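Quick note: to get our numbering, add 37 to the position in the sequence shown (first position is 1). Heads up, the beta-carbon is just placed ideally off N, CA and C, and yes, glycines get one too. Here the structure is a predicted model, which is why all the values come from computation and not from measurement. The structure appears below as structure tokens.
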Amino acid sequence: MLKEKIAALNLPVFPSTREEAIEMLCREEYGYLPPKPISMTWEDEIIVPRFCAGKAPLHKVTLNCAMPNGKSFSFPIYVAIPADGKAHPAFLHINFRDSVPDLYQPSEELCDNGYAVFTVCYNDITKDDNDFTSGLAGVLFENGERKNDTDCGKIAMWAWGAQRVMDYILTQPGVIHERVTVAGHSRLGKTALLTGATDTRFYCAISNDSGCSGAAITREKQGETVKSICEEFPFWFCKNYYKYKDNEHNMPFDQHWLIGLLAPRYAYVASASNDLWADPASEHLACVAAGELWEKDGFITPDRPPRIGDSFHEGKVGYHLRAGEHFFSREDWLNFMTFLRKKG
Ligand code: GCU
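Right under this line is the structure:
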């Protein structure tokens, strides 16, 4: 049943190399990621020594990036590493807010389960609007003008910021460097997938309710479409993407490529039953299509659309459909930890 559904969509075949897939997604959808900094320094300040009962003091670290164009760009991140002298797997959460803990981030529970938790607030990288004059956008674009149709949108800039957090994480002895998972919700779930897809240093990338232009197959998608997302949020993408408004069937790619770029590493897609705008069935189908890109055991699912309460944790791609609204809930995080624990 799922195989027939996928076949009927006529999805573009994944290219023979990762590089070609990244090139296509960047050129046609997100824009090219900004260049890496030439060097990075940081300042580290403990802001809540007794965070998590003193088991994981909360630090604010300011990352200062020297950019190839001679300008510099700084942004803060928040860091809680269990202080038991051991090295820990980590979550890097790209969040809507800079509060720690947060509505979307159960920091203490994550730390108590042995995770180091790194948080970056997307607005600290560049604001979520059509203004390209401030933050990282201001450093990249003269007069805030995106001249080329492939110039990056805000999702690509947020992904760039998360990759700089990874540069920092790799200097931290309290973290197992091969076990860093990037996670985000909704527009930031799209961002988390792009971050992990284009940077093989990440162990796993998690999309929570990311839907259109994130984890959901675009062809025949219900709810949000390329047209609606490009009209409401044109600044998330490069200008080339606009040509696929009402023209999804001519896209030379689809979103299973983004998930497939995580192979042979891990990917996770989470859906919520009432989130029809994101379209759980299309998110699930993307996992099915992407699963083929792993040599074996990519995505293991029963041969039917997902049902509320399903969680598929056996393959390299994890998936769950929880009851409720578009939200980044504790239940989502618990599922992610269950999946990751199974992988060792
Ligand atoms: C809007 C948008 C979605 C996005 C969501 C969010 O609903 O249409 O594409 O994922 O916002 O980020 O919360």
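Short Cβ contact (9 Å threshold) for residue i with residue j
i: residue 150; j: residue 141; result: no
i: residue 46; j: residue 257; result: yes
i: residue 378; j: residue 307; result: no
i: residue 193; j: residue 70; result: yes
i: residue 153; j: residue 125; result: yes
i: residue 173; j: residue 239; result: no
i: residue 85; j: residue 114; result: no
i: residue 303; j: residue 375; result: no
i: residue 382; j: residue 83; result: Residue 382 is absent from the model: the chain starts at 38 and stops at 381.
i: residue 292; j: residue 250; result: yes
i: residue 137; j: residue 88; result: yes
i: residue 236; j: residue 365; result: no
i: residue 353; j: residue 373; result: no
i: residue 104; j: residue 205; result: no
i: residue 356; j: residue 347; result: yes
i: residue 278; j: residue 65; result: yes
i: residue 315; j: residue 48; result: no
i: residue 254; j: residue 322; result: yes
i: residue 191; j: residue 163; result: yes
i: residue 32; j: residue 73; result: Residue 32 lies beyond the range of the chain shown here (38 to 381); nothing can be said about it.
i: residue 280; j: residue 268; result: no
i: residue 120; j: residue 144; result: no
i: residue 241; j: residue 305; result: yes
i: residue 187; j: residue 63; result: yes
i: residue 361; j: residue 310; result: yes
i: residue 68; j: residue 189; result: yes
i: residue 211; j: residue 123; result: yes
Closer than 8 Å: residue i CB and nearest ligand 1 heavy atom
i: residue 224; result: yes
i: residue 382; result: As displayed, the chain neither begins before 38 nor continues past 381, which places residue 382 out of reach and without an answer.
i: residue 68; result: no
i: residue 109; result: no
i: residue 258; result: no
i: residue 319; result: no
i: residue 247; result: yes
i: residue 294; result: no
i: residue 162; result: no
i: residue 269; result: yes
i: residue 363; result: yes
i: residue 251; result: yes
i: residue 266; result: yes
i: residue 261; result: yes
i: residue 315; result: yes
i: residue 40; result: no
i: residue 227; result: yes
Residue span of the alpha helix (DSSP H) that contains residue i, given as start and end
i: residue 216; result: Counting along the chain, residue 216 falls outside any alpha helix (DSSP H), though it belongs to the beta strand (DSSP E) covering 212-222.
i: residue 205; result: 191-206
i: residue 373; result: 367-379
i: residue 148; result: 144-149
i: residue 350; result: Here residue 350 belongs to no alpha helix (DSSP H), and DSSP marks it neither H nor E.
i: residue 296; result: 293-297
i: residue 137; result: Neither: residue 137 is in no alpha helix (DSSP H) and is coded neither H nor E.
i: residue 174; result: 172-177
Span of the beta strand (DSSP E), counted from its first residue to its last, around residue i
i: residue 30; result: Nothing about residue 30 can be read from this structure; the chain reaches only from 38 to 381.
i: residue 243; result: 241-245
i: residue 157; result: 153-158
i: residue 46; result: Unbroken run through residue 46 is the alpha helix (DSSP H), 39-46; no beta strand (DSSP E).
i: residue 125; result: 125-132
i: residue 360; result: Note, residue 360: premise wrong, no beta strand (DSSP E); not H, not E.
i: residue 112; result: 109-117
Within-9 Å CB hit, residue i to chain B
i: residue 202; result: In the displayed structure, chain B is absent; only one protein chain is listed.
Problem set entry | beta strand (DSSP E) segments (min. 3 residues) lying fully within the stretch 309-341 | none
Problem set entry | beta strand (DSSP E) segments (min. 3 residues) lying fully within the stretch 50-102 | 76-85
For this session: Jot down the residue ranges of each uninterrupted alpha helix (DSSP H) in the stretch 248-282, minimum 4 residues, whole runs only, in chain order.
Result: 263-269
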